[in-house]
Amino acid sequence: MSDLDWVPQSCTLPTEERPLRVAEWDALFAERLTALSRPQPLRLRLDLADGPSVEDRVRDLVEREGGCCSFFTFTITPGQERIHLDISVDAAHETVLEAIAARTGFAGEPR
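Position one of the sequence shown corresponds to residue 565 (my numbering), numbered consecutively onward.
In structure tokens:
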């Protein structure tokens, strides 16, 4: 997915900043994602490998994302060596959740 057509109109992040934000998410996925599941149709669970400043990085990114895309609900649950990041949306934004899952490039096998 190279273009950002999946970003909904309700996102208030300026258009020119969107590729930068997507790149931040992509980097987090590439560096830290160890598992991805979809426990409910409108919720993704990302398991991220913990490390120095990872939780702070996730919290900062989630706070900024929630500020421009109010349809997201994020829940961060720190654990031993893992951070669980749950991302929920309403039914109108299910395609955004699907796009996020696709962007992770995660095939469902542990890394």
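Each residue gets a CB set at the ideal place from its N, CA and C atoms; glycine is no exception.
Quick check: what's the CA-CA separation for glutamate 595 versus leucine 612?
9 angstroms
Query raised in the report: Who are threonine 637's beta bridge partners in DSSP?
Result: Ser652
Alpha helix (DSSP H) segment containing leucine 592, residue limits = 582-596
What residue range is occupied by the uninterrupted alpha helix (DSSP H) comprising aspartate 624? 618-632
- Message: Can you confirm whether the region 643-661 touches the region 596-610 when touching is taken to mean that 3 or more C-beta pairs between the two stretches lie within less than 8 angstroms?
- Response: yes
Subject >> Among Gln644, Leu584, Val626 and Cys632, the one whose alpha carbon lies nearest that of aspartate 638 >> reply: The sequence shown places phenylalanine at residue 638, rather than the aspartate named in the question. With distances taken between Cα atoms, phenylalanine 638 lies closest to Val626.
(request) Determine the direct distance from the alpha carbon of leucine 606 to that of phenylalanine 593, and round the result to whole angstroms. (result) 19 angstroms
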